[in-house]
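Protein chains in written order, with the numbering used here: chain A, 592 to 1277; chain C, 592 to 1277. Written below as structure tokens is the structure these notes are about.
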């Protein structure tokens, strides 16, 4: 719920405005003035007629109507002031920079709830509390610096943390990063990161909207909303990078103590970002470097030319890019390559990296870039490394670079390492509107992160042969806890997940009858104990009625055993599918190969339900053990399409059965087209 | 061979000195003057009586005696000039900054060889050619900027690449990194990175020498020398970080085209660095961040306190540190913790991270640091995060930090993110001699790199029961190519590597006789085909003479088969040991579990021969499949000490048999104390 009045207000009042610009209420007003808010600006301060030259009222009661209010007053006064403004002055936007709310105490939480109630009642937007404010093209309502000069095609930046927002801007600005807007959502009482993103999606205009969004998130409150709008924006041509802090256990503890919010499980975040197409970053420098990559033209492919006047950085960049899966192809021989070589000094190399030597000049750089852009089809983008040993300025070189950044069709990533020797030339290059990458390896890693983040897949749920009403009937009748094999079988049958034929024998006579029905060889397993193998509760390859009888007796004597499961003995490669329900995110699905590969080597990949066939296939392909699934050294593999379909069917089943909190299919046995679930555990919690 | 005259000359001549400081010969002289070389400074320039106020001679012939000469003249003149200086002026140090030598052409290589011959003949040191020069406390003989003001306890920095040396200094200086010396070795014609390190090892003085060394290496010419002196320096208390560029295949191509040197295989570099205790870095920013970590006191342990006035960066740092294996332990309850809490504002947290809020002040920071240093035994070091939203300066806080950096026993890592808002305060903090870390995650990763680099192990070769003369006899008599089982067995017996009993049968009669000798069950395998299993050339669990006879016939009919190997059938966990000879480095030894774990999942660890027991044990422990080796779910594991000993015995064997270029023991079978080699391939190339 972001109102026009919040983004494009005609009038703003700063409640708690001050002449002291070391105070938030003073600095915020100063920022509004310095950044030329064009509408009516007012202040509320009980002791002044004017604050910083702006007309001031002693209290909000006397104010004329005002569209946006910034509250810089103690928390306990905020709800009442907001009520007056919303009810009597028509205010539809609130930015509450005051702290002392839910992040501090239970009492503060109540005040925050009251604020939200006021905003909701009057359909007003509420940003904060406990935030630094927002910067839109209309107004800079923040109490911090720097206040970046906004650029329409800069990045939209939304942050859960005010201080971190400041530090991220301080990391980006010196590298030439521009901003189109900044939103610090603080405690996200009414408007969270997801809501701002939704707003950006709703108002997206392909002609005028920026295509880069940066997020700093401490807690994902509404994963569905984040997924929906991130995916939608990316499909519209946007690129999104985000930090979700709190990926480690201790980090989550720190995140919780900071925002008072429960941290989400990191695997779920990982899966969500991948599904949405969000480039995940882990630090400020990384985020702003990825942002600068986004500010360059998009690279259509993974083959880079490295253009350099110094060998070392080119080698390090090559290493970083190749480690990330990108390629530095050799430039193929051609008349154009020969012509370029003739323009360079003897000893230059027009292989790749293209090294035009320490003495290489501006004109030569122009020729190399043109050749890469027009002639060398084998490259999709260029990194240009040009520093200075400090003998003379390099402004002419950077001017060529500046021009080519605008005219070339392929992206150019400028690496300008000489932040001391040609400080002024670098500053001038940035002032011309360009980004720079001071460190080639940080660029290489950022490019790799971007390259390795898949575009979002289609989001249609696969339902062929999945009987949702039947799934619901089974779930609705199930009791909490681990389910009996019968329930598991019915669920699998309802979702079209193939399984081995099984029977549950309570008596020796039943066991013998089932053996006859299923045929030999058979498997017999205890029902009851959790780790069946550890207690000797699994018998494979049972081939006679006598063995059925003797083993039944032995198995029933194992503690906790309530019955014996009889099953046809399937064969093939052991596969694994697991799922875990994460609060708010839904089910994380894992797949891999069974046995030690999942238990010891943890070779699993994950995705967020519901999965598409394409997503499930990519999960399978990303397994380290993929080669075994394809078939290895004469052993028949499994049909991957079929394995993917089973994963997808399970994910569709789970989408309609959120009461299933945990489940494993371990193993499925697969040989060619035949893949069957052999054993499964499902835990329901309503 | 680094002479006193190179490092501490009483007189220097710049040959090719110029009044134009845009020229290397002009800038170098200027740097010598500006940095106050205290000895006699001279110039050679055919057209001037004085250059930049320094007396000049028309040619070297007329010069008085001079200890160090810097040559900034065309390559073709250098050998002759050097000869005159060395033979007639007593010059014992040469720094050749001219290019146009081996890096450019075959002709240049000859000039370079002549230069080296001159230097060697007169026992003079030669730095370069094709370098930027060196900076020692006595003289700044470089033609580039920046010329850092040297600090005795800054870092010694040695670089293969001049431009990269400049860019690394430009990366480090703004973060407060100090240098004690800088060596750019260029083409390393006589003196390479290893030789400078040797010199530093030889002159190391525990009272006065700096303990931090940084290396940028494009090619490791003498791995043994690098290993020896890096290890020696680290044992003396030094810390070394290095970039070895060219880790990827394409990167190596780039490195080769740059220096004209063959790139070393990256696995060997990795193993060498680990063995020496060198912290490996991959980029400039990473190297200078690790260097700044080294500039702080050494952390004795892995448990960090994070002290912050802002939540976000603390969470991201926690994530980065935990991902790297470090710990952020909760601060235990104690009267000291309670007392500290009372000094902080309400809402502060004295768990860990210790968050003293946006309003936290200098006095509180001092109290927190003191408590962490003195009272909180559960932490070994502190990261302090303190930026500014731009409301007021924070000089008082940084002054406290500055004082505590010097007085505390535990290391403090200062993270000052507000590079714009409190730029002057940060600059002042750096001017006081401190380092800073602008980005907490880059610090976290650097600390992790340092923490995860083991200290060097002892370097004694394990020889108990390894019969070196016998090994040499076998090798000397062996032909090139893959060896017969007999040769393999004799080598293993000589090194004390246990193996299954085997016999080679050429006829059915022999096969039957051996079966009787070895006893059943037996394994029979073809000799000849390389992938024995793929051609159906392995028969397990042979239990009768009839089977021996029939399988012998079948196996001999398989193409390329020359005989059949008969072996006792061992059982247990499949293990793997492999080795590969890398030119100049020696043997890289790999270990892991056999079968798919090595072939598909590539779960191997590596080390450089000769290995110690301790190194081999750590290779085993670092396997992903380590849990299986220990024993898993009721299956007996293997005695790790015994496995490590076999790895060490193999590495000792190889140390004396460099003719072995490749070998695999695959599998070894292990059960408890019994580990035996079942199959092995050894390729010799003399």
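By construction, the Cβ of each residue, glycine as well, lies at the ideal position given by its N, Cα and C atoms.
Quick one: Cα of residue i to Cα of residue j, how far?
i, j, result
"residue 676 of chain A", "residue 651 of chain A", "7 Å"
"residue 578 of chain A", "residue 1245 of chain C", "No answer is possible for residue 578 of chain A: the residues shown for chain A start at 592 and end at 1277."
"residue 762 of chain A", "residue 1184 of chain A", "43 Å"
"residue 894 of chain C", "residue 921 of chain C", "10 Å"
"residue 1095 of chain C", "residue 1222 of chain A", "33 Å"
"residue 777 of chain A", "residue 1239 of chain C", "58 Å"
"residue 1142 of chain C", "residue 1155 of chain C", "10 Å"
"residue 839 of chain C", "residue 1276 of chain C", "27 Å"
"residue 1029 of chain C", "residue 1255 of chain A", "45 Å"
"residue 932 of chain C", "residue 975 of chain C", "17 Å"
"residue 1053 of chain C", "residue 1161 of chain C", "27 Å"
"residue 1248 of chain A", "residue 1050 of chain A", "18 Å"
"residue 1111 of chain A", "residue 1257 of chain C", "37 Å"
"residue 972 of chain C", "residue 886 of chain C", "14 Å"
"residue 623 of chain A", "residue 609 of chain C", "56 Å"
I'd like the span of the beta strand (DSSP E) that includes residue i, first residue to last.
i, result
"residue 1254 of chain A", "1251-1262"
"residue 647 of chain C", "645-648"
"residue 773 of chain A", "770-775"
If we count the other Cβ atoms within 10 Å of its Cβ and call it buried at 16 or more, is residue i buried or exposed?
i, result
"residue 1196 of chain A", "buried"
"residue 929 of chain C", "exposed"
"residue 1005 of chain C", "buried"
"residue 1243 of chain C", "buried"
"residue 1260 of chain C", "buried"
"residue 604 of chain C", "buried"
"residue 854 of chain C", "Residue confidence for residue 854 of chain C is low, a pLDDT of 34 falling below 50, so the modelled location carries little weight; the figure read from the coordinates is stated next. So residue 854 of chain C ends up on the buried side."
"residue 967 of chain A", "buried"
"residue 1022 of chain A", "exposed"
"residue 1074 of chain A", "buried"
"residue 638 of chain A", "exposed"
"residue 711 of chain A", "exposed"
"residue 1278 of chain C", "Because chain C here runs from 592 to 1277, residue 1278 of chain C falls outside it and cannot be looked at."
"residue 1182 of chain A", "buried"
"residue 579 of chain A", "Because chain A spans 592 through 1277 in this model, residue 579 of chain A falls outside it and cannot be assessed."
"residue 781 of chain A", "buried"
"residue 744 of chain A", "exposed"
"residue 849 of chain C", "Its pLDDT being 41, under 50, residue 849 of chain C is placed unreliably in this model, and the value from its coordinates should be taken loosely. The residue in question, residue 849 of chain C, is buried, as its Cβ has 16 or more Cβ neighbours within 10 Å."
"residue 997 of chain C", "exposed"
Hey, could you find the ends of the alpha helix (DSSP H) residue i is sitting in?
i, result
"residue 739 of chain C", "Unbroken run through residue 739 of chain C: none, as it is neither H nor E."
"residue 790 of chain C", "784-793"
"residue 972 of chain C", "Note, residue 972 of chain C: premise wrong, no alpha helix (DSSP H); beta strand (DSSP E) at 972-976."
"residue 1063 of chain C", "1059-1068"
"residue 1015 of chain C", "1014-1022"
On the premise that residue j lies in contact with residue i, defined as a C-beta separation below 8 Å, what is that separation, rounded to the nearest angstrom?
i, j, result
"residue 884 of chain C", "residue 1037 of chain C", "5 Å"
"residue 646 of chain A", "residue 633 of chain A", "6 Å"
"residue 695 of chain A", "residue 938 of chain C", "5 Å"
Going by the C-beta, is residue i closer than 7 Å to any heavy atom of the ligand ATP?
i, result
"residue 1045 of chain A", "Within the structure as shown, the ligand ATP is missing, as the structure has no ligands at all."
Segments of 3+ residues assigned as beta strand (DSSP E) that fall wholly inside the segment 655-710 of chain C:
659-662 and 684-687
Every unbroken alpha helix (DSSP H) inside the segment 1085-1154 of chain A [4 residues or more]:
1099-1109 and 1136-1147
Where are the alpha helix (DSSP H) runs, 4 residues long or more, that stay fully inside the segment 1176-1251 of chain A, in chain order?
1187-1190, 1204-1212, 1217-1221 and 1231-1246
At 4 residues or longer, and completely inside the segment 921-966 of chain C: list those alpha helix (DSSP H) runs for me, N to C.
926-934 and 953-961
Alpha helix (DSSP H) runs contained entirely in the segment 846-918 of chain C, provided each spans 4 or more residues
857-867, 875-886 and 902-914
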